[in-house]
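First comes the structure, then the notes that go with it.
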Amino acid sequence: MFLFDESLETFEIFSLSHLLGVLFWVTAITLMIVFRKKLRGMPRFDRFIRYFLAITMLTFQFTFYLWMFWRGAASLELLPFGLCHLAMYLTSLMLLTQSKTLFKIVFPWAIIGALLSLVIADLTFAFPHFRYIHYFGNHGMFLFGVLYMMIVRGYTISYKSLWMSGGVLIGLAVPVYFFNQAYGTNHLFLSHLPGPAASLQTAVGDWWIVLFVAFVFALFHLIYLAYVLISRHSKDIA
7 MFLFDESLET
17 FEIFSLSHLL
27 GVLFWVTAIT
37 LMIVFRKKLR
47 GMPRFDRFIR
57 YFLAITMLTF
67 QFTFYLWMFW
77 RGAASLELLP
87 FGLCHLAMYL
97 TSLMLLTQSK
107 TLFKIVFPWA
117 IIGALLSLVI
127 ADLTFAFPHF
137 RYIHYFGNHG
147 MFLFGVLYMM
157 IVRGYTISYK
167 SLWMSGGVLI
177 GLAVPVYFFN
187 QAYGTNHLFL
197 SHLPGPAASL
207 QTAVGDWWIV
217 LFVAFVFALF
227 HLIYLAYVLI
237 SRHSKDIA
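For the sequence shown, the working numbering gives the first residue as 7, with consecutive numbering after it.
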């Protein structure tokens with residue numbers, strides 16, 4: 007089946023395939039912003055889009071698990087302990103339940119995870135391979151999902167909720183760190199930094215994890231700053 011054709015293992019970062027994947031979601035989010043007022047008056051569409059995003063993300067994810075088992079590539083790295091895994095599952099649950107508490111927790115995770123993943127694109131298979139569709143599809147959908155709930159549904163975050171979100175992430179990171187140490191995994195990048203950042207870890211030495219945590223919290227604050235600035239200039243988004 008062409009969706010699982012191993013010969014499509016030709017993806018290159020910043021290639022046309024990469025840029026088109028990003029452009030699709032830039033276009034979708036732009037259209038959502040442009041038509042946000044009309045979307046607020048469409049309760050049936052609201053229910054459809056929330057359920058569609060959640061169910062599609064979960065379907066893609068479990069299809070990915072089955073594919074990895076079929077390839078004989080299943081490992082403990084597939085456990086949902088990474089930031090994007092957590093963001094995807096919590097965004098799906100938030101969309102189905104319309105939970106404002108879940109939104110406050112997952113919003114920074116989804117923004118950071120999706121933006122970094124869409125730009126850096128840790129991927130080997132190009133379009134139309136399933137893995138390409140799964141990667142750009144799920145990262146784009148949980149990004150679109152949290153932005154939809156903010157822009158169309160009017161969900162908000164606060165500085166207090168930013169710290170709550172960070173606190174939950176730290177609470178999860180502690181057992182994940184020990185799991186990584188016990189089983190040789192790298193969930194949440196707590197064992198080593200990925201790709202090009204590995205050289206930075208070597209240069210910094212044992213302090214790298216402290217700087218990594220500080221970097222993540224700096225990103226949290228940048229996201230909150232962007233949210234505040236946008237809110238001040240647009241009552242529709244606030």
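For every residue, glycine included, the Cβ atom is placed at its ideal position computed from N, Cα and C.
* Continuous alpha helix (DSSP H) stretch holding residue 210: start and end -> Taking the first residue of the sequence shown as position 1, residue 210 is located at position 204. Residues 204-210.
- prompt: On the three-state DSSP scale, how would you describe residue 12?
  reply: Against the sequence shown, residue 12 aligns to sequence position 6. Helix at residue 12.
TODO: Determine the DSSP secondary structure at residue 187, reduced to helix, strand or coil.
DONE: Within the sequence shown, numbered from 1, the residue matching residue 187 stands at position 181. Looking at residue 187 - three-state DSSP - the assignment turns out to be helix.
inquiry  = For residue 244, which residues in the same chain have their Cβ closer than 6 angstroms to its Cβ, ignoring the five residues on either side in sequence?
reply    = As a first step, residue 244 is located in the sequence shown; it is residue number 238 there, counting from the start. Caution is warranted here: a pLDDT of 45 is assigned to residue 244, below 50, making its placement in the model unreliable, and no coordinate value can be reported.
Under the rule that 16 or more other beta-carbon atoms within 10 Å means buried, what is residue 155, buried or exposed? Counting from one through the sequence shown, the residue named residue 155 turns up at place 149. Residue 155 should be labelled buried.
### Message
On the criterion of 16 or more Cβ atoms from any shown chain inside 10 Å, does residue 164 qualify as buried, or is it exposed?
### Response
Position 158 of the sequence shown, counted from the first residue, corresponds to residue 164. That one is exposed.
Worksheet entry | Of the residues 76, 138, 83 and 147, the one placed nearest residue 33, counting alpha carbons only | On the sequence shown, residue 33 is found 27 positions in, with the first residue counted as 1. Comparing Cα-Cα distances from residue 33 to each of 76, 138, 83 and 147, the minimum goes to 147.
Exposed or buried, residue 100, counting other C-beta atoms within 10 Å across all chains shown (16 or more means buried)? Here residue 100 corresponds to residue number 94 of the sequence shown, with the count starting at 1. Per the 10 Å Cβ criterion, buried.
Q.
Less than 8 angstroms between the beta carbons of residue 131 and residue 20, yes or no?
A. Within the sequence shown, numbered from 1, the residue matching residue 131 stands at position 125. Within the sequence shown, numbered from 1, the residue matching residue 20 stands at position 14. The answer is no: Cβ separation not under 8 angstroms.
Query raised in the report: When we look at the beta-carbon of residue 242 and count the other beta-carbons within 10 Å, is it buried (16 or more) or exposed?
Result: Translated into the one-based positions of the sequence shown, residue 242 becomes position 236. At residue 242, the pLDDT of 49 sits below 50, so the modelled position is not reliable; the number obtained from the coordinates is stated separately. The residue in question, residue 242, is exposed, as its Cβ has fewer than 16 Cβ neighbours within 10 Å.
Using the Cα positions of residue 114 and residue 226, report the straight-line distance between them to the nearest angstrom. For the purposes of this step, residue 114 is taken as the residue at position 108 of the sequence shown. For the purposes of this step, residue 226 is taken as the residue at position 220 of the sequence shown. Looking at the two C-alpha atoms, the distance is approximately 6 angstroms.
| query | Where does residue 79 land, buried or exposed, given buried means 16+ other C-beta within 10 angstroms? | reply | Counted from its first residue, the sequence shown places residue 79 at position 73. So residue 79 counts as exposed.
Practice item. Taking the CB atoms as reference points, tell me whether residue 136 and residue 76 lie closer together than 8 angstroms. Key: For the purposes of this step, residue 136 is taken as residue 130 along the sequence shown, with counting starting at 1. For the purposes of this step, residue 76 is taken as residue 70 along the sequence shown, with counting starting at 1. No, the Cβ-Cβ distance between residue 136 and residue 76 is not below 8 angstroms.
* To do: Starting from residue 49, trace the alpha helix (DSSP H) both ways and give me its first and last residue.
  => Residue 49 sits at position 43 when you count from the first residue of the sequence shown. Start and end: 49-77.
Going by C-alpha to C-alpha distance, which of 133, 153 and 168 sits closest to residue 56?
Along the sequence shown, read from residue 1 onward, the residue named residue 56 stands at position 50. That would be 153, whose Cα lies nearest to the Cα of residue 56.
Got a sec? Which residues, its chain only, sit under 6 angstroms from residue 129 by beta carbon, not counting five neighbours each side?
Your numbering for residue 129 matches position 123 in the sequence shown. Cβ within range, chain order: 17 and 141.
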